[in-house]
Each structure stands twice: as structure tokens, then as C-alpha cells.
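Residue numbers (numbering that gives the first Met the number 0): 0 to 233. Ideal Cβ placement from N, Cα and C applies to all residues, glycine included. What follows is a set of notes on a single structure, which appears directly below.
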Amino acid sequence: MYEERPARLAGAFVWRRDTGTAAGPGTRPVLPDGCMDLIWADGRLLVAGPDTTAYVPRDPAAHYAGVRFAPGEAPGVLGVEASALRDRRVDLAELWGARTARGLADRVSGAPDRAAALEELVLRRAAEAPAPDPLLRAVVARLRAGRPVGATADELGIGARQLHRRSLAAFGYGPKTLARILRLRRALALVTSGVPAAEAAARAGCVDQAHLAREMRALTGLTVGGYVAGPRSA
């Protein structure tokens, strides 16, 4: 069972997944989305960094709760640049120390609603963190809407090198990679809603259906059809 809802932190989502037993080999991979997550998994607190390819847990837990941050929002709250966690899952202890992480994990584990307890933890940290960079939020909004990277930089009055450097820290990779990931997510949302792949590719900003197929393979290792027909999961 998977559930999610908007968090009280701007752009974030709170989610939970309970299977009763560890997930099996049919679990759908987690595709790149530009986001980072703080996750409680069977008593452990983990941070999921930004992915550049599909992620399948090697040792999945039976019970999860998580907060999924909007692209670029997690580094300020967690105190680490996104590029340091690209394609990684790490114990929170690596970032905040073993004693702090253990105490927080125990608090979440003992809460009647673990997802809500995790959200409260994030809200407290966010209140003490530097304010999110409005320029980076504007970058995400434009790329999510399909604006080219060059046009985005020009519209925001920022040079290409500076945009790339700030993107690495905030998103874990450069703006072109983020743009590709967000474009793929747009296309998959359309396909899974019943839009034919060729039309979805064009509406999402791909050159054609073959372009979408190449991007799907490059960023996830899957085919569009295989993903849509696969098992439902978080």
C-alpha cells in the first residue's frame, strides 16, 4: 500500500508505504524525478539523493515513511550539497552524526503516525535553515514547463557556468540533466494517463517518439511500454 499527500513544506510530499513484508522482485523501479527524500525505513533514517537512473532497492524494507523534497529544496534542510549524494542512499548518521540520527529515528519509530512525525522533523529543520533560493525555484519552474536551459539562463540573468555550478549544488547535476529528467516525467505522466506515446513525446518536448524511447532507455534502462505495463509501486 502506498499513500502520499502534500506536505506543509512548500513543494514537498509526505508518503508512506507498508507491505507487511519486504518488497519482491516485481517492485516497480523508482525513476529519476529531480527530488531528494528523507526516509524512515524499518527503524532507520536514510537520505535518498537525486537519481540519474532508475533505482531498485537491493534490500527493501517492509515499512517506509518519507518526505520527498521538491528539486533543489533538500540541500538547505539537510545541510549537504545534492551532488554529494547523487545516485546514493546514505544513513542520516553520515550527515548529522550517529547519536542525533539514532535519537530521531527512535522518535519517528515510536510515533503513532511515522509519516507525520517525519514531516514535523523536516519542518523544524527547515525553520532553522537558510531561505530557499528564489532563483533556483524559478529555474525549476521554467524547466518543468519545458523552457530550454539557455533561454532559462537568459531570462533569469545568470550565466551558463554559474547556473551549472549552482545546479550541481542544488539538484545534484547540471540544468540540462534536470531538464531531461523533468521532460521524461512529463511524457510518462501523459502516457500513463492514456495519451499515445507519439503524442506524449511531442507534447512533452521530445523531437519524436524515438527520442522519447532513447531518453527512457538512457535515464531508466527501461522501455516506455515496459514501464507502463509493469507492477504498480511507489
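If you follow the beta strand (DSSP E) that Tyr-1 is in, where does it begin and where does it stop? What you label residue 1 is simply residue 2 of the sequence shown in a count that begins at 1. Per DSSP, Tyr-1 belongs to the beta strand (DSSP E) from 1 to 5.
In the structure shown, what three-state DSSP assignment does Arg-85 receive? In the sequence shown, counting from the first residue as 1, residue 85 sits at position 86. Arg-85: coil per DSSP, three-state reduction.
Answer yes if the region 153 to 168 comes into contact with the region 195 to 214, meaning at least three C-beta pairs across the two stretches below 8 angstroms, and no otherwise. The answer is no - the region 153 to 168 does not touch the region 195 to 214, with fewer than three Cβ pairs under 8 angstroms.
Taking only the alpha-carbon atoms, compute the straight-line gap between Val-46 and Arg-4 and give it to the nearest angstrom. Taking the first residue of the sequence shown as 1, we reach residue 46 at position 47. Taking the first residue of the sequence shown as 1, we reach residue 4 at position 5. Rounded to whole angstroms, Val-46 to Arg-4 spans 19 angstroms at the Cα level.
So what does His-62 bridge to, in DSSP terms? Mapped onto the sequence shown, residue 62 falls at position 63. His-62 is bridged to Asp-17.
Counting only the same chain and skipping the five closest in sequence on each side, list residues whose C-beta sits under 7 angstroms from that of Gly-224. Locating residue 224 in the sequence shown gives position 225, where the first residue counts as 1. Taken in chain order, the list of residues that qualify is empty.
Is Leu-120 helix, strand or coil when you go by DSSP? Here residue 120 refers to the residue found at position 121 when the sequence shown is read from its first residue. Helix.
Nearest-angstrom beta carbon gap, Ala-168 and Pro-74 [assumed within contact, 8 angstroms]: Along the sequence shown, read from residue 1 onward, the residue named residue 74 stands at position 75. Along the sequence shown, read from residue 1 onward, the residue named residue 168 stands at position 169. That belief holds up - the Cβ atoms of Pro-74 and Ala-168 are roughly 6 angstroms apart, short of 8 angstroms.
Range covered by the beta strand (DSSP E) that runs through Asp-36: Counting from one through the sequence shown, the residue named residue 36 turns up at place 37. 35 to 40 is the span of the beta strand (DSSP E), which, as asked, contains Asp-36.
Restricting to Cα atoms, I'd like to know which of Met-0, Arg-7, Glu-2 and Tyr-1 is closest to Glu-119. Sequence index remark: in the sequence shown, residue 119 carries index 120 (1-based). Taking only the C-alpha atoms, the option nearest Glu-119 is Arg-7.
Ala-43 - partner residues in DSSP beta bridges: Indexing the sequence shown from 1 puts residue 43 at position 44. The sequence as given places Arg at residue 43; Ala does not occur at that position. In the DSSP output, where bridge partners are listed per residue, Arg-43 has Ala-40.
What's the C-alpha gap between Ala-217 and Gly-10? The residue labelled residue 217 in the question sits at position 218 within the sequence shown. The residue labelled residue 10 in the question sits at position 11 within the sequence shown. Straight-line Cα distance between these residues: approximately 27 angstroms.
Less than 8 angstroms between the CB atoms is what I'm expecting for Ala-81 and Pro-49, so what's the real figure, rounded? Numbered from 1 along the sequence shown, position 82 holds the residue referred to as residue 81. Numbered from 1 along the sequence shown, position 50 holds the residue referred to as residue 49. Yes, Ala-81 and Pro-49 are in contact; Cβ-Cβ is about 5 angstroms, under 8 angstroms.
Go ahead and label Pro-70 buried or exposed: buried means 16 or more other beta carbons lie within 10 angstroms of its beta carbon, across all protein chains shown. Residue 70 sits at position 71 when you count from the first residue of the sequence shown. Buried.
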